[in-house]
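Undergrad: One structure coming up, written as structure tokens, with questions to follow.
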Amino acid sequence: MAGRGSRGRSERRSAGALESEVLATLWATEQALTPAEIQAEIGGGLAYNTVHTILKRLYDKGLVLRDVDGRRGAYRPAKNAAELTAEAMHEALDRGPDPIATLQQFVSGLSPEEERALRDFLGEPGPPGGRSLPGEHRLRGERGLPGEHGLPGEHGFPGERGLPGEHGVPSERRLPGGGA
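Position 157 (the sequence shown) corresponds to 544 in my numbering; numbering is contiguous.
Have a look at this one:
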């Protein structure tokens, strides 16, 4: 778990950083990997027991699946990187007091390429010239008013306070404000 820093001192990676490295290693292959294979791939003097502990934590969190072949276990990701990231974003939105304001802040920080991809996904045309206009609220028009760009809701964001199953709102997800 330790590597050498710029001054020759031993540096420790956090459990979260190690979990991320293990997941990245698993995502980079199509097959399940054993702890020894993951250890060899990550390198950096990481002990086998450390890799095994990280895999157990990831398994307990439901992030990896274990394939057992005799006594030997191999691990594969339970979700791909995009699914895991989207889940973390949903959890962050659910924790905050104003998910719409959080989304507005997030969207306003998108690169032009990310904005184009989001517009394409939502089926919304971009502004003339392909770039956001100065003062334009990205994706929602100047103030994000209800009904702008054909989007429902108080802030003009798809799915906001919508009914389960409408506008991309899954029926199992609780909406801010106590809606189903």
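Quick reminder that beta carbons are idealized off the backbone N, C-alpha and C, glycines included. Values in this document were obtained by computation on a predicted structure and should not be read as measured data.
On the DSSP letters alone, give me the boundaries of the beta strand (DSSP E) that leucine 480 sits inside.
TA: Looking at the DSSP string, leucine 480 is not in any beta strand (DSSP E); the run it does join, the alpha helix (DSSP H), is 468-482.
Undergrad: Measure the C-alpha to C-alpha separation of arginine 399 and glycine 432 and round it to an integer number of angstroms.
TA: Between arginine 399 and glycine 432, the C-alpha separation is close to 11 angstroms.
Undergrad: Hey, is the segment 465-482 in contact with the segment 425-441, meaning 3+ C-beta pairs nearer than 8 angstroms?
TA: Taking 8 angstroms as the limit for Cβ pairs, the verdict is that the segment 425-441 does not touch the segment 465-482.
Undergrad: Enumerate in chain order the residues of its own chain whose CB-to-CB distance from leucine 405 is below 6 angstroms, with the five nearest sequence positions on each side excluded.
TA: Answer for leucine 405: Ile441, listed in chain order.
Undergrad: Would you say the beta carbon of glycine 483 comes nearer than 7 angstroms to a heavy atom of the ligand GTP?
TA: For the structure depicted, the ligand GTP is absent and the ligand set is empty, with no information on it obtainable.
Undergrad: Mind checking alanine 461: buried by the 16 CB within 10 Å criterion, or exposed?
TA: So alanine 461 ends up on the buried side.
Undergrad: Is DSSP giving glycine 449 helix, strand or coil here?
TA: Three-state result, glycine 449: coil.
Undergrad: What do you get for serine 401, buried or exposed, if any count of 16 or more other CB atoms within 10 angstroms of its CB means buried?
TA: Serine 401 should be labelled exposed.
Undergrad: Hey, quick one: how far does the beta strand (DSSP E) through glycine 403 stretch, first residue to last?
TA: Taken as a continuous stretch (DSSP letters only), glycine 403 belongs to no beta strand (DSSP E), being part of the alpha helix (DSSP H) at 402-414.
Undergrad: Looking only at its own chain, which residues have a Cβ that is under 6 angstroms from the Cβ of leucine 452, when we skip the five neighbours before and after it?
TA: For leucine 452, where only same-chain residues beyond five positions count, the Cβ hits under 6 angstroms are Arg463, Ala465.
Undergrad: What number of angstroms, rounded off, separates the C-alpha of leucine 410 from the C-alpha of alanine 488?
TA: Each residue's alpha carbon lies about 31 angstroms from the other.
Undergrad: According to the neighbour-count rule (16 or more other Cβ atoms, all chains shown, within 10 Å of its Cβ), is glutamate 417 buried or exposed?
TA: That one is exposed.
Undergrad: Tell me whether glutamate 408 is buried or exposed, calling it buried when 16 or more other Cβ atoms sit within 10 Å of its Cβ.
TA: Label assigned to glutamate 408: buried.
Undergrad: Hey, how far is the Cα of glycine 403 from the Cα of glutamate 474?
TA: Cα to Cα, glycine 403 sits roughly 16 angstroms from glutamate 474.
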